[in-house]
Amino acid sequence: MNVSSQVGEAELPPLSARSVVLSLLLGTHPPELPVKELVRAVEPFGVGGSTLRAALSRMVAAGDLRRTDAVYGLSDRLLARQRRQDEAVEARTRAWDGDWEMVVITATGRGPAERADLRTRLTTLRLAELREGVWLRPANLRRPLPEDLAQVAQTYTARPGGPARELADQLWPLDTWAAKARALHAHVATAHSPGDRFTAFAAVVRHLLADPVLPPALLPTDWPGTELRAAYAEFQREITGAIGR
1 MNVSSQVGEA ELPPLSARSV VLSLLLGTHP PELPVKELVR AVEPFGVGGS
51 TLRAALSRMV AAGDLRRTDA VYGLSDRLLA RQRRQDEAVE ARTRAWDGDW
101 EMVVITATGR GPAERADLRT RLTTLRLAEL REGVWLRPAN LRRPLPEDLA
151 QVAQTYTARP GGPARELADQ LWPLDTWAAK ARALHAHVAT AHSPGDRFTA
201 FAAVVRHLLA DPVLPPALLP TDWPGTELRA AYAEFQREIT GAIGR
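FYI, the numbering for the sequence shown is 1 to 245, going by this note's numbering.
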């Protein structure tokens, strides 16, 4: 199957058998399904039984899935991805008192791969880089920083000397994020076929993962993050109902 859609001028990636399986399992709690349920669930997307079984075999071999008898579930690596996805949809926040998290990288002598991995980890924590080695975000998330971060960085609680709103605008492309969020929200409202909806909501999840989840005081007016999360939560309920969970 090769379903593609467009949001504005950006083409959404095609939906493969692997994409369908991962989307189903990432949205299922607990993230495991018997093969007979998977066969039934992927049928509306034009994925046949033989195509599904071939994809499942490849995904087990690649470490995406684990298999117990005739039940397939997410691997530990993808369980971590599911947790991030769940947090993207229901970000746990707390009242913001003006404090910021600051992470200053102190480790030296790291290779390109290690530096890239660290940047990915910090971005996943919804931090943004002010300058090389200095990462910030408002301290409004209810999540601790990983303990092993102390091996490569020092962490601080800080307050900017200038307006916090201007700093947020400097760290994140908020207008760009909001414009794409609105385009995605409009697109999912007009996507009706199962393939189009899966493809569209896969793009929604990726976009929500890039949401900085800032305090309301630092956001532009009419921030579309809440509406986009609500649309995805409704889609999750739709999928859960379709597979009888």
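Ideal Cβ positions, reconstructed from N, Cα and C, are used throughout, including at glycine.
Compute the Euclidean distance between the alpha carbons of residue i and residue j, then round it to the nearest angstrom.
i, j, result
"R40", "A189", "25 Å"
"H187", "E132", "37 Å"
"T157", "G195", "45 Å"
"F161", "R115", "Going by the sequence as given, residue 161 is Gly instead of Phe. Distance between the alpha carbons of G161 and R115: 29 Å."
"L26", "H192", "21 Å"
"T240", "D222", "30 Å"
"V3", "S16", "Because the pLDDT at V3 is just 34, under 50, the model does not fix this residue reliably, and the value given afterwards should be weighed accordingly. Each residue's alpha carbon lies about 8 Å from the other."
"V43", "D169", "It should be pointed out that residue 43 corresponds to Glu in this sequence rather than to Val. Distance between the alpha carbons of E43 and D169: 45 Å."
"L78", "D64", "7 Å"
"K36", "F45", "16 Å"
"A210", "Q85", "11 Å"
"G49", "L38", "9 Å"
"A61", "G73", "13 Å"
"L208", "L56", "27 Å"
"A10", "D175", "Residue confidence is low: A10 scores 44 on pLDDT, short of 50, so the model does not pin down where it sits. No coordinate-derived value is stated."
"R110", "V71", "41 Å"
"D99", "E227", "27 Å"
"R137", "P212", "8 Å"
"L122", "A107", "14 Å"
"P173", "I105", "23 Å"
"W96", "P163", "15 Å"
"R229", "Q151", "35 Å"
Return the residue from the list the options that minimises the CA-CA distance to residue i.
i, options, result
"P144", "E43, P160, R94", "R94"
"A153", "E101, S75, R84", "E101"
"R165", "A217, P173, S23, V20", "A217"
"S23", "L130, P220, F201", "F201"
"R67", "P31, V89, R84", "P31"
"Q82", "T28, R121, A128, V71", "T28"
"L125", "L149, A54, T108", "L149"
"L130", "T155, E147, R159, L167", "L167"
What whole-angstrom Cβ distance do residue i and residue j have, given they're in contact under 8 Å?
i, j, result
"P34", "N140", "41 Å between Cβ atoms; not a contact."
"H185", "A233", "H185 to A233, Cβ: 13 Å. No contact."
"M59", "R119", "Wrong, their Cβ atoms sit about 27 Å apart, outside the cutoff."
"A183", "G225", "Contact doesn't hold; Cβ gap of about 14 Å is too wide."
"A178", "P220", "6 Å"
"V103", "W135", "4 Å"
"L171", "A128", "4 Å"
"F198", "V20", "6 Å"
"R142", "R92", "4 Å"
Per DSSP, residue i is paired with what?
i, result
"W223", "Answer is none; W223 lacks a bridge partner."
"E32", "G73"
"T68", "V71"
"L141", "T93"
Would you check whether the ligand HEM has a heavy atom nearer than 7 Å to the C-beta of residue i?
i, result
"T120", "In the structure shown, the ligand HEM is absent, as is every other ligand, since no ligand is present at all."
- [ ] Please go through the region 153 to 179 and give each complete beta strand (DSSP E) segment of 3 or more residues, from N-terminal end onward.
- [x] The region 153 to 179 contains these whole beta strand (DSSP E) runs: 153 to 158.
Task: Start-end ranges of the beta strand (DSSP E) lying completely within the region 73 to 138, minimum 3 residues - done: Counting whole runs of 3 or more residues, the region 73 to 138 contains the beta strand (DSSP E) stretches 100 to 105, 128 to 131, 134 to 138.
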